[in-house]
Amino acid sequence: MQTNPLSMRWALDPIQTYCIEAKLPPLTSIVIGAKSGVPGTGFIGCQLDDLETAHHLVFDNDWSKTPNPYGAFGPADTPESLAQALIDQPENSHEIYAKVKVRGVAQTVFKEALVRAYGQQCAMCGLSIYQALDAAHIIPWSLATPGQRLDPRNGLLLCTVHHRLFDCGFITITLGGRTRYCDPAMEDGPHSPADKNMTTRLHGKKAYLPSNPALYPSREALEHHYLRHGW
Ligand SMILES: [Zn+2]
Numbered sequence: 059m060q061t062n063p064l065s066m067r068w069a070l071d072p073i074q075t076y077c078i079e080a081k082l083p084p085l086t087s088i089v090i091g092a093k094s095g096v097p098g099t100g101f102i103g104c105q106l107d108d109l110e111t112a113h114h115l116v117f118d119n120d121w122s123k124t125p126n127p128y129g130a131f132g133p134a135d136t137p138e139s140l141a142q143a144l145i146d147q148p149e150n151s152h153e154i155y156a157k158v159k160v161r162g163v164a165q166t167v168f169k170e171a172l173v174r175a176y177g178q179q180c181a182m183c184g185l186s187i188y189q190a191l192d193a194a195h196i197i198p199w200s201l202a203t204p205g206q207r208l209d210p211r212n213g214l215l216l217c218t219v220h221h222r223l224f225d226c227g228f229i230t231i232t233l234g235g236r237t238r239y240c241d242p243a244m245e246d247g248p249h250s251p252a253d254k255n256m257t258t259r260l261h262g263k264k265a266y267l268p269s270n271p272a273l274y275p276s277r278e279a280l281e282h283h284y285l286r287h288g289w
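Per the working numbering, the sequence shown runs over residues 59 to 289.
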C-alpha cells in the first residue's frame, strides 16, 4: 500500500479506520520517499499500547497484498470535486462510492456535499457552525446500499444535538419538509427551556432543506426512518 498526494489531503483518521475495519496492522500513515518510493522508518499508528509490537506488526506485514484504498482516485479528484459531483448528479452516487470505499473518506465527501446542498445550516434549527454540523444518514450506513451511503438524498445536515435526537427516533422530517417531534405536547415529562428550544418549538416548522429540491431527503429514506422508529 502506497500513499499518494491525495491521501495526505485528508485527515489521518480515514486510514486508521480503514486499517481497523480491514483488520490490518495498526497503521495510520506510512511515510514514503517522494523520489525513491521507498518506505521510511517512520509511521503514525493507532491502538499503540505496545510500540515495539506495533512496529513489528506494521513492518513485517506484506503490504503488497493490500490494495491501495486510494487507488481508484484520479489525479484531479479532491473531496470538494467529489462532493460537487454528488450534488450535481446524486443518482450517480454509487460511482463516487466505488472510488471512495474508505468509510472515513466517504464521510468527509458526504459532509462536504451536504454542507453545500444545505447552505451549511442544520436542517432543523439552522445552526451554521461547521464544526458542530454532522452529515447524518437517514438509512444508516450499516443498512444502506453502496449508492445510498453517499447519496445526498439519504442524508440530512444536522447539528450534533439534532443528529443524536434523529438517530434515537425522537425527531424527524415529514414528507412535506417540516420538523416533527415525537412529544409536541410534552406529555412524556418535563422539558427544560433548552429542551423546548431544540424540540417542541421546532415541531411543525418548515425545515431548512436544500435550495435545490432534487436534493431533498428521498421518500424512500424518510419512510425507512419512520418505520424503524415507529412514527
Ligand atoms: Zn440543529
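Glycine included, every Cβ here is placed at the ideal spot set by N, Cα and C. The model shown is predicted, which means the values in this text are computed figures rather than measured ones.
Bridge partners - residue i, DSSP secondary structure assignment
| i | result |
| --- | --- |
| Gly213 | His195 |
| Ile231 | Thr237 |
| Lys264 | Arg236 |
Span separating the alpha-carbon of residue i from that of residue j
| i | j | result |
| --- | --- | --- |
| Thr237 | His287 | 15 Å |
| Gln206 | His114 | 38 Å |
| Gly95 | Pro198 | 39 Å |
| Tyr155 | Gly247 | 43 Å |
| Gly177 | Pro268 | 7 Å |
| Pro63 | Lys157 | For Pro63, the pLDDT reaches just 41, beneath the cut-off of 50, and the residue's location in the model is therefore unreliable, although a value from the coordinates is still provided. Pro63 and Lys157: Cα-Cα distance of roughly 16 Å. |
| Pro275 | Thr230 | 11 Å |
| Ala175 | Pro83 | 37 Å |
| Pro204 | Arg277 | 18 Å |
| Arg161 | Ala252 | 34 Å |
| Phe117 | Gly129 | 21 Å |
| Glu149 | Asp209 | 7 Å |
| Pro133 | Ala143 | 15 Å |
| Tyr188 | Ala272 | 23 Å |
| Lys159 | Asn126 | 11 Å |
| Trp289 | Phe131 | 41 Å |
Near ligand 2: residue i beta-carbon under 7 Å from a heavy atom
| i | result |
| --- | --- |
| Leu109 | Ligand 2 is absent from the structure shown, which contains only ligand 1. |
Backbone secondary structure at residue i - three-state DSSP
| i | result |
| --- | --- |
| Lys169 | helix |
| Lys81 | coil |
| Ala164 | helix |
| Leu285 | helix |
| Met182 | coil |
| Tyr176 | coil |
Residue-level contact to chain B via CB, residue i, 8 Å cutoff
| i | result |
| --- | --- |
| Leu223 | Annotation note: the requested chain B is absent from the structure, which comprises a single protein chain. |
Original post:
Three or more C-beta pairs closer than 8 Å, one from the stretch 187-207 and one from the stretch 216-224: is that the case here?
Top reply: yes
Original post:
If you pair each beta-carbon of the stretch 163-171 with each one of the stretch 258-272, do three or more pairs fall below 8 Å?
Top reply: no
Original post:
Do the stretch 181-188 and the stretch 132-150 make contact, defined as three or more Cβ pairs closer than 8 Å?
Top reply: When Cβ pairs closer than 8 Å are counted between the two stretches, the stretch 181-188 is seen not to touch the stretch 132-150, the count staying below three.
**OP:** When you get a sec, list the residues whose CB is within less than 5 Å of any heavy atom of ligand 1, chain order please.
**Re:** Cys180, Met182, Cys183, Leu185, Cys217, His220
Original post:
Do the stretch 252-259 and the stretch 275-287 meet, that is, are 3 or more Cβ pairs less than 8 Å apart?
Top reply: no
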